[in-house]
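To start, the structure itself, in structure tokens.
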Amino acid sequence: MSAMMATKVLTDRVAVVSASTKGIGFAIAKRLGADGASVVVSSRKPKNVEEAVTALRLEGIDASGITAHVGLKEDRNRLIDFAISQYGKLDILVSNAAANPHFGDIMSISDSQWDKLLTVNSFGGLIFVFFISDLLFSSFFFSRVRRNAN
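According to the numbering used here, the sequence shown is numbered sequentially starting from 6.
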């Protein structure tokens, strides 16, 4: 069977992809949507959210989006609340956001640059998963995937 004729294995699933209006994040959102998932995209820039949602919808993907900076707790909460208000559930989380505030010798990174690196790249994704773990663990889909991955 060709890829174009493949079954949409993610039908009735809801996916949130952070930092997903360009690059790898957008490609992930597009693939999840092509596989049948409803997709929530996010970016710090409203224009990027609008453009990504429009592009995904033109591909026939059920997409919505919200402006959010996942390095900020309030914005992570808003992103998840938005997804649940739009679709009533959450099955998939892709924590794609990353920051690189420093170019050069690692020994010359300032404290504020370290804070940004750790907050967005490490703690942001980890805290995101902890925040929504109850939602994900209650999802039959996630439970199956987690069980199969063990």
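All C-beta atoms in this analysis are idealised placements derived from N, C-alpha and C, irrespective of residue type, glycine included. Keep in mind it's a predicted model, so treat the numbers as computed, not measured.
(message) Here's the rule I'm using: 16 or more other beta-carbon atoms within 10 Å means buried, otherwise exposed. How should Thr-26 be labelled?
(response) Per the 10 Å Cβ criterion, buried.
(message) Please classify Arg-18 as buried or exposed, where buried requires at least 16 neighbouring CB atoms within 10 angstroms.
(response) Buried, since its Cβ has 16 or more Cβ neighbours within 10 Å.
(request) Just tell me which of Val-14, Asp-120, Gln-91 and Ala-24 has its CA closest to the CA of Arg-81. (result) Nearest of Val-14, Asp-120, Gln-91 and Ala-24 to Arg-81, Cα basis: Ala-24.
(message) Quick check on DSSP: helix, strand or coil for Asn-155?
(response) Annotation note: pLDDT 30 at Asn-155 (below 50); position unreliable, coordinate value reported separately. Asn-155: coil per DSSP, three-state reduction.
(message) So, under 8 Å CB-CB, Thr-72 and Val-54 are touching, yes? Tell me the CB distance rounded to an integer number of Å.
(response) About 6 Å separates the two Cβ atoms, so the contact holds.
(request) Would you list the one or two residues that DSSP bridges to Val-72? (result) Note on identity: in this sequence residue 72 is Thr, with Val being the wrong assignment. Looking at the DSSP assignment, Thr-72 forms a beta bridge with Ser-48.
(message) Considering just the uninterrupted stretch of the beta strand (DSSP E) at Ile-97, what are its terminal residues?
(response) Residues 97–99.
(request) Have a look at Met-6 and Arg-62 and give me their C-alpha separation to the nearest angstrom. (result) Confidence in Met-6 is poor, its pLDDT being 46 and thus under 50, which makes the residue's placement too unreliable to answer from.
(message) I need the boundaries of the alpha helix (DSSP H) containing Ala-88, first residue and last residue.
(response) Its alpha helix (DSSP H) spans residues 78–92.
(request) Consult DSSP for Ser-43 and reduce its assignment to one of helix, strand or coil. (result) DSSP places Ser-43 within a strand segment (E or B) once states are collapsed to three.
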